[in-house]
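Peer 1: Residue numbers (this note's numbering), protein chains in the order written: chain A, 7 to 235; chain B, 7 to 235. What follows is a structure written as structure tokens; I'll ask about it next.
Protein chains: 2
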Amino acid sequence: MTVGSTAPRRETRLLRPARPTLQSRKQQFVRDAIWDAAIDLFSEKGFDETTVDDIADAAGVSRRSFFRYFSSKSDLMAHGIVSYGTAVTDAIAACPKNATPAEVFRTTVREVAGHQATQPRTRKIMQIAAKYPAAREAQLSRVAEVQDHVAEAFARRSPKGSPNDLTAHLFASLTLSVFGVTFRAWLESSPQDMSITVERVFATLGLFLAGDGELATGSGRRANKKSKR
Amino acid sequence: MTVGSTAPRRETRLLRPARPTLQSRKQQFVRDAIWDAAIDLFSEKGFDETTVDDIADAAGVSRRSFFRYFSSKSDLMAHGIVSYGTAVTDAIAACPKNATPAEVFRTTVREVAGHQATQPRTRKIMQIAAKYPAAREAQLSRVAEVQDHVAEAFARRSPKGSPNDLTAHLFASLTLSVFGVTFRAWLESSPQDMSITVERVFATLGLFLAGDGELATGSGRRANKKSKR
DNA sequence: ACCACCATGACAGTCGGTTCCACAGCCCCC
DNA sequence: GGGGGCTGTGGAACCGACTGTCATGGTGGT
């Protein structure tokens with residue numbers, strides 16, 4: 007083992023400790039095994055009906071060890087969220103410097119939603135979350151953390167000293183809000199229809215904003231003549 | 007006690023669930039007592055550090071009875087949310103028939119935020135929620151329920167057979183999202199500054215939408231010349 | 001080969017939440 | 001006025017989630 011090819015060449019010294027870390031990957035392996043077992047059990051038996059012992063048993067570790075890898079049963083549900091969170095912040099950071107918040111928002115949603123749709127486990131997790139309140143709860147609390155990170159990502163884009171927390175937090179909140187609706191709608195359609203769903207959401211959003219350019223200014227009159235559809 | 011006035015007059019035999027119900031108010035009284043005791047303890051000792059026995063003890067009921075009034079410790083946190091939820095749906099329903107969604111949104115936020123700011127306990131609860139993740143979790147899961155009701159309220163406004171769930175859910179999600187940001191910002195300012203906070207949020211929202219009338223249509227170019235502020 | 005370390009597992013303990021039972025007041029009808 | 005039901009309540013036993021401690025065993029380093 008310890009595939010010698012682990013680039014002895016470059017020192018990688020200062021930058022990230024960088025070690026693929028022989029040992030720590032075993033940890034990751036076990037961690038994934040537990041997670042896989044848990045998701046499967048949740049799908050089969052339900053979230054509430056699955057005990058930690060069941061999971062530990064299925065994964066081949068002791069109950070005590072389970073808690074060394076996941077701080078709680080709920081934490082399993084949050085596990086999938088973290089990659090989603092980093093995907094969002096990365097997408098925001100990757101946008102061109104001169105993009106407006108709205109542009110950042112759109113490209114981020116398209117990108118991340120498209121990516122998440124390809125992850126096979128994504129749907130399974132969301133179905134569990136949709137079915138069991140306790141599971142959803144666990145996700146939501148983690149989403150709150152993600153929101154802070156997203157806000158930070160937005161704030162980092164602001165060239166002139168970030169205007170204030172409020173702006174960034176509002177953008178973050180709106181973004182994740184749209185994500186939530188999008189995922190929920192996607193759950194009720196075909197797995198491959200994510201991009202369709204995203205565009206439908208965008209169109210609906212436009213509908214909302216249409217009668218309302220003056221949100222920040224005055225009281226406009228609504229052109230509900232043609233209304234929706 | 008046993009106020010003889012148990013209305014022997016009307017033969018409430020068949021249908022008695024008519025009104026306030028002398029007895030059910032005693033229940034409400036106890037319920038409030040438990041809630042008060044809990045909120046105080048949470049503020050003093052912290053959410054996680056306060057056990058159910060502590061609360062039951064402080065309120066003068068048994069542990070068993072506590073669970074008869076609140077389904078869980080988390081449920082205490084959700085208690086305040088329900089009135090908030092009905093306030094939102096009521097405000098939406100009260101808007102003039104011909105108002106656009108955006109108008110409904112604005113008036114609802116102004117109205118409900120203003121009202122919530124006057125409730126003395128509102129701030130205390132939010133401070134607890136802000137401080138203890140477990141408490142926040144409990145609220146969030148209840149907010150998810152509220153969101154469904156708000157979506158329903160939006161859907162009911164749609165004259166021509168509601169376009170679809172997506173529209174209503176998106177509006178609801180955006181509305182509650184803005185509420186969340188608003189309350190959070192309000193927490194960091196003076197209690198009496200709610201209306202100021204609301205307008206600040208609206209202004210920021212306009213900023214977000216400004217570079218972006220084309221959200222639903224094409225890819226616009228950003229006018230980041232002046233950028234924010 | 002030895003030692004130091006870290007992951008693991010067995011136990012016991014706390015707390016949230018549920019279930020079952022037993023007791024006290026109340027109301028109604030006999 | 002005294003049983004029988006209904007309800008609200010407390011008590012105690014239980015289960016599952018989660019934590020802290022300790023002893024063991026495998027691994028890496030020297």
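Note that beta-carbon positions come from the ideal geometry of N, C-alpha and C, so glycine has one too.
1. Quick check: Gln145/B and Met83/B, are their CB atoms within less than 8 Å of each other?
2. Apart from the five residues on each side of it in sequence, which residues of its chain come closer than 6 Å, Cβ to Cβ, to Arg16/B?
3. Using the beta-carbon of each residue, which ones in chain B are nearer than 8 Å to Val94/A?
4. Quick one: residues in its chain with C-beta nearer than 6 Å to the C-beta of Phe111/B, no 5 flanking neighbours on either side, listed in chain order?
5. With DSSP collapsed to three states, give me the class of Glu143/A.
6. Do you know how far the Cα of Gln33/A is from the Cα of Arg70/A?
7. If you follow the alpha helix (DSSP H) that Asp60/A is part of, which residue opens it and which one closes it?
8. Put Ala119/B into one of helix, strand or coil per three-state DSSP.
9. Using a Cβ-Cβ cut-off of less than 9 Å, list which residues of the stretch 194 to 215 of chain B approach chain A; keep chain order.
10. Can you pull the chain A neighbours of Gly186/B, defined as C-beta to C-beta under 7 Å?
11. State the DSSP-derived secondary structure class of Ala39/A, mapped to helix, strand or coil.
12. I want to know whether the stretch 58 to 72 of chain B touches the stretch 150 to 157 of chain B - three or more CB-CB distances under 8 Å.
13. To the nearest angstrom, report how far apart Pro107/A and Ser30/A are at their CA atoms.
14. Is Lys51/B buried or exposed, if buried means 16 or more other CB atoms sit within 10 Å of its CB?
15. Between the C-alpha atoms of Glu205/B and Ser183/B, what's the straight-line distance to the nearest angstrom?
16. With a 10 Å radius around its C-beta and 16 neighbouring C-beta atoms as the bar for buried, classify Phe35/B as buried or exposed.
17. Going along the chain, which residues of its own chain have a beta-carbon closer than 7 Å to the beta-carbon of Lys130/A, five neighbours each way excluded?
18. By the criterion of Cβ-Cβ separation under 7 Å, what are the contact partners of Thr57/B in chain A?
19. Any residues in the stretch 126 to 143 of chain B with a beta carbon nearer than 9 Å to a beta carbon of chain A? Which ones, in chain order?
20. Within a Cβ cutoff of 7 Å, which residues of the same chain sit near Pro102/A, ignoring the five residues on either side of it in sequence?
21. Drop a sphere of 10 angstroms on the beta-carbon of Glu109/B, count the other beta-carbons inside from all chains shown, and report buried for 16 or more, exposed for fewer.
Peer 2: Checking against the coordinates, here is how it stands:
1. yes
2. Low local confidence applies: a pLDDT of 37 at Arg16/B is under 50, so the model's placement there is unreliable, with the coordinate-based value given in what follows. Closer than 6 Å at the Cβ level, and outside the excluded window around Arg16/B, lies no residue.
3. By Cβ distance, chain B contributes nothing, its closest Cβ being about 15 Å from Val94/A, past 8 Å.
4. Thr181
5. helix
6. 15 Å
7. Val58 to Ala65
8. helix
9. Glu194, Thr203, Arg206, Val207, Phe208, Ala209, Thr210, Leu211, Gly212, Leu213, Phe214 and Leu215
10. Ser179
11. helix
12. no
13. 39 Å
14. exposed
15. 15 Å
16. exposed
17. Ile45 and Ser49
18. The premise fails here: Thr57/B is roughly 18 Å from chain A at the closest Cβ pair, so nothing lies under 7 Å.
19. Pro139, Ala140, Arg142 and Glu143
20. none
21. buried
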